[in-house]
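Following: one structure in structure tokens, then a few remarks.
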Amino acid sequence: MNAHIIGTGSFLPEKVITNFDLAERMETSDEWIVSRTGIRQRHIAVEESTAGMAAEAAQRALTDAGMQAGELEMILLATVSPDHIVPSAACEVQAMLGAVNAVAIELNAACSGFVFALNTAQAYIRAGIYTKILVVGVETLSKLVDWTDRSTCILFGDGAGAAVVTASENRGIMDFIQFSDGAKGEALLCDARPLHNLFVRQELKQEYVKMDGQEVFKFAVRRVSESIDQLLERNGLSSGEIDCYILHQANARIIASVIKHLKADADKFPTNVERCGNTSGASVPLLLDELNRAGHLKEGDRVIMSGFGGGLTWGSIYMVW
Ligand code: UT7
Numbered sequence: 201m202n203a204h205i206i207g208t209g210s211f212l213p214e215k216v217i218t219n220f221d222l223a224e225r226m227e228t229s230d231e232w233i234v235s236r237t238g239i240r241q242r243h244i245a246v247e248e249s250t251a252g253m254a255a256e257a258a259q260r261a262l263t264d265a266g267m268q269a270g271e272l273e274m275i276l277l278a279t280v281s282p283d284h285i286v287p288s289a290a291c292e293v294q295a296m297l298g299a300v301n302a303v304a305i306e307l308n309a310a311c312s313g314f315v316f317a318l319n320t321a322q323a324y325i326r327a328g329i330y331t332k333i334l335v336v337g338v339e340t341l342s343k344l345v346d347w348t349d350r351s352t353c354i355l356f357g358d359g360a361g362a363a364v365v366t367a368s369e370n371r372g373i374m375d376f377i378q379f380s381d382g383a384k385g386e387a388l389l390c391d392a393r394p395l396h397n398l399f400v401r402q403e404l405k406q407e408y409v410k411m412d413g414q415e416v417f418k419f420a421v422r423r424v425s426e427s428i429d430q431l432l433e434r435n436g437l438s439s440g441e442i443d444c445y446i447l448h449q450a451n452a453r454i455i456a457s458v459i460k461h462l463k464a465d466a467d468k469f470p471t472n473v474e475r476c477g478n479t480s481g482a483s484v485p486l487l488l489d490e491l492n493r494a495g496h497l498k499e500g501d502r503v504i505m506s507g508f509g510g511g512l513t514w515g516s517i518y519m520v521w
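Take any residue in the sequence shown, count from 1 to its spot, add 200: that is its number in the working numbering.
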């Protein structure tokens with residue numbers, strides 16, 4: 201059995217900040233941001249919480265799937281920006297939805313979060329343990345970026361996306377591949393609470409996201425292309441046989457490099473990075489929901505999803521829609 205997506209949903213905060221708005225507050229320009237990243241605007245949480253956005257996206261996915269929250273057996277929620285350490289945003293979403301029969305688990309794999317969570321759902325479904333799973337990717341990155349650091353704050357946005365998966369014999373995830381390289385973790389760093397106890401009082405060193413942009417850029421281009429190549433090869437497919445590539449929306453130049461490497465048709469790489477910025481673990485399900493609602497994905501379409509980012513982590517999925 202394969203994990204097959206039967207419903208999608210998403211949520212974006214109401215407040216939109218354009219590059220022009222940012223240029224009024226810091227030394228940057230629309231021209232610089234667009235030429236380096238493709239981003240024109242991003243949504244930023246003002247009233248919204250991480251769990252609240254996730255629950256809204258999840259409810260929309262359940263409605264799309266025609267499923268009641270009480271039917272869910274598991275909630276897998278990917279985020280690096282929860283509202284609390286305890287309870288997890290996964291448990292908060294369970295409560296908000298009234299998904300009383302679901303176990304709720306949170307997963308931190310930064311921008312690969314949704315892809316890794318979907319792979320985890322696949323493993324549970326393959327093992328025959330559960331058949332009805334909600335997978336969510338949600339981020340409020342705006343609270344983790346340093347708004348005085350123009351090299352990072354212009355990149356990120358907030359939002360949530362969700363998918364309901366059930367077991368299918370012929371459709372859904374056919375194969376996936378996923379990796380981590382913890383030795384390169386410093387390339388994209390944000391500290392948690394420092395050690396503070398009876399014996400020691402450490403200072404918080406890296407309160408906000410710090411990134412070696414060029415290192416992450418090179419990593420992304422190389423590893424995404426490589427993981428898609430591997431997935432295509434072991435499934436006997438050429439890049440042209442894929443109908444749609446849903447890549448993590450970090451940067452339009454990274455996506456352009458992957459298209460060039462695969463010698464693929466650019467029309468098969470839809471984007472929303474220009475409107476949403478980099479929403480980390482939420483970007484893949486946000487784009488997926490946009491495509492699903494627009495009727496862009498047809499039964500039997502071959503779809504590749506790729507996530508990459510902090511950890512470092514990366515991975516790709518091959519699925520039949
Ligand atoms: O989910 C994965 C997340 N990470 C990513 O996707 C990031 C991947 N990396 C990138 O996309 C690019 O490295 C960035 C867009 C972050 C930066 O582009 P870059 O071409 O690597 O720029 P840079 O860091 O080499 O900086 C070039 C110049 C510097 O000025 P000097 O030293 O040449 O005078 C920066 O200070 O651009 C300057 N700069 C800016 N200028 C205007 C940096 N940020 C800005 C800005 N506006 N916002």
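The beta carbon of each residue, even a glycine, is placed where N, CA and C say it ideally should be.
**OP:** With distances taken Cα to Cα, identify the nearest neighbour of P470 among E490, S439 and E247.
**Re:** Check the Cα spacing between P470 and each of E490, S439 and E247: the tightest is with E490.
Subject >> Classification of D264 by the beta-carbon crowding that lies within 10 angstroms, buried from 16 upward >> reply: buried
Original post:
Which of the three DSSP states, helix, strand or coil, is assigned to K215?
Top reply: strand
**OP:** Return helix, strand or coil for H496, following the three-state DSSP convention.
**Re:** coil
Subject >> Which residues DSSP lists as bridging F508, in chain order >> reply: W514
Subject >> First through last residue of the beta strand (DSSP E) which encompasses Y445 >> reply: C444 to L447
Subject >> Local Cβ density within 10 Å of L395, reported as buried at 16 or more and exposed below that >> reply: exposed
Original post:
Is the CB-CB distance between G207 and M267 below 9 Å?
Top reply: Yes.
**OP:** Answer yes if the segment 475 to 482 comes into contact with the segment 308 to 327, meaning at least three C-beta pairs across the two stretches below 8 Å, and no otherwise.
**Re:** yes
Subject >> Segments assigned alpha helix (DSSP H), at least 4 residues, entirely inside the segment 282 to 338 >> reply: 289 to 297 and 313 to 326
Original post:
On the premise that G372 lies in contact with H204, defined as a C-beta separation below 8 Å, what is that separation, rounded to the nearest angstrom?
Top reply: 3 Å
Original post:
Alpha carbon to alpha carbon, what distance is there between E248 and I428?
Top reply: 35 Å
**OP:** Take the Cβ of A363 as the centre, count every other Cβ of all protein chains shown within 10 Å, and call the residue buried at 16 or more, exposed below.
**Re:** buried
**OP:** For I325, collect the residues of the same chain with a Cβ closer than 6 Å to its Cβ; drop the 5 residues on either side in sequence, then sort them by chain order.
**Re:** M201, A203 and A367
Subject >> N-terminal and C-terminal residue of the alpha helix (DSSP H) that R240 is part of >> reply: From DSSP, R240 is part of no alpha helix (DSSP H); its letter is neither H nor E.
**OP:** Report the three-state DSSP secondary structure of K463 (helix, strand or coil).
**Re:** Reduced to three states, the DSSP call for K463 is coil.
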